[in-house]
Amino acid sequence: MFDLSNKVAVITGGCSGIGRGTIDVFREAGAKVACLDIQDEKGAALEAQFGDNLIYLHADVTSEQEMGAAFSKVVDRFGRIDVLFNNAGGTEGMGTDPYDIEALDRTQKLLVTSVILGMKFTVPVMTEQGGGAIVNTASIAGLQAGYGGLAYSLAKGSVVHLSRVAAAQLAQHKIRVNAICPGLIPTSIFGRALGDTIAEADQRAAMIADRAHEAQPIPRAGKPEDIGHAVAYFASDEASFVTGQFLAVDGGITVGPRSSWDPEAASVLWRTTGMDEEQIKEMMASR
Ligand SMILES: NC(=O)c1ccc[n+]([C@@H]2O[C@H](COP(=O)([O-])OP(=O)(O)OC[C@H]3O[C@@H](n4cnc5c(N)ncnc54)[C@H](O)[C@@H]3O)[C@@H](O)[C@H]2O)c1
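Structure follows, in structure tokens:
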């Protein structure tokens, strides 16, 4: 467990999924947290749970005006910002036409412009106080094809590179910038992409969690806290020499093709050699 006491963290998208899990990790590590989101009921519940150590602020991360107002309130309340976790997001609906330019622009605004807005209102505060840490949620969809639609994947690839470029620019102010690339984490994002209401999407997340142990080499479902712990590392003083990097927290899903870890997928390949099932099994066991 990293020590984040005396740190003030802004977490966007903290009302649900990865952001919510990260709030738990940060609170346990002693940080004061400002949660920026648009789910006011869940925000009020967070304030009731964490008392003076957490503030919820309604802010649409695509609105410059709402983001500016929210960051001012964070500084009024806590006096500083040590950590910014740019995490709020969602994806274009399943089956969106990849050439739908409006969807492309909307996704870019939600996933990339929002990160720049977060930085716009945080960097002056961090510069003035002598440093800080920014962590941006990218995705394995930003590293490899096949984990999201075109608009989403492009945007997440941009977040990885944006983190590098910003790290280069901001190191002089002792501000570090890193990206986190979650694998499959059962959250509401999937149901939302399928057109569920928020309540339905929350339920679907629980159903996905029951099945997600088969999705990657590590045979259990990923948890929002798995991401939260990695974010806590990047935010901590132990990472003071780490900037411009990305970390995939994905249960190994990006280590190689499915055939590299799943015997069933491997046997599809080995059958092409003419071996029968028994021979393939023997060969796999000997590896
Ligand atoms: N769940 C996964 O498998 C996965 C994998 C890779 C990356 N991610 C990324 O993780 C981040 C968090 O997603 P999640 O999976 O926890 O989903 P989620 O739906 O559970 O949480 C997203 C949160 O962002 C908030 N949000 C959405 N639009 C907003 C806006 N315009 N302004 C303010 N808040 C807004 C939502 O209200 C919600 O609380 C996203 O950036 C997502 O792309 C998720």
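Position 199 of the sequence shown, counting from 1, maps to 182 under our numbering, and the rest follow consecutively. C-beta atoms are modelled at their ideal positions from N, C-alpha and C, and glycine is treated no differently.
- In summary, M267 is exposed, with fewer than 16 beta-carbon neighbours lying within 10 Å of its beta-carbon over all protein chains present.
- At a Cβ-Cβ threshold of 9 Å, V143 and F217 do not count as neighbours.
- The beta carbon of A14 sits closer than 6 Å to those of L(-13), K(-10) and A(-8), all from its chain and outside the five residues before and after it, given in chain order.
- The alpha-carbon of S219 is positioned some 6 Å away from that of F(-15).
- Using a cutoff of 8 Å, the CB of A184 counts as near ligand 1, since one of the ligand's heavy atoms is closer than that.
- Residue pairing of D20 in beta bridges, as defined by DSSP: H41.
- The Cβ atoms of I158 and I210 do not sit closer than 9 Å to each other.
- Counting of Cβ neighbours within 10 angstroms places Q199 among the buried residues, the total reaching 16 or more.
- Looking only at T120, A150 and G239, the smallest Cα-Cα distance to G114 is reached by A150.
- Per DSSP, the unbroken alpha helix (DSSP H) holding R194 starts and ends at I181 to R194.
- DSSP places P107 inside the alpha helix (DSSP H), whose first and last residues are S97 to Q112.
- The beta-bridge partner set that DSSP reports for T120 consists of I163.
- Contact between T170 and P207 is confirmed by a C-beta separation of about 7 Å, below the 8 Å threshold.
- Nearest in C-alpha terms to A116, of all of G235, E261, T74 and A154, is A154.
- About 4 Å separates the beta carbons of A195 and A204, which is inside the 8 Å limit, making them a contact pair.
- Taking the Cβ atoms as the reference, I21 lies roughly 26 Å from I123, outside the contact range of under 8 Å.
- Contact check for L100 against M50 passes: the beta carbons are separated by less than 9 Å.
- Bounds of the beta strand (DSSP E) holding L67 are V66 to N69.
- If you compare the alpha carbons of F173, Y82 and G178 with that of M190, the shortest gap goes to F173.
- In its chain, beyond the 5 residues on either side, I(-6), G(-4) and N70 have a beta carbon closer than 6 Å to the beta carbon of G2.
- Short of 7 Å from the beta carbon of L133, and not among the five residues preceding or following it, lie these beta carbons of its own chain, in chain order: P81.
- Approximately 7 Å separates the beta-carbon atoms of G26 and H41; this is inside 8 Å, confirming the contact.
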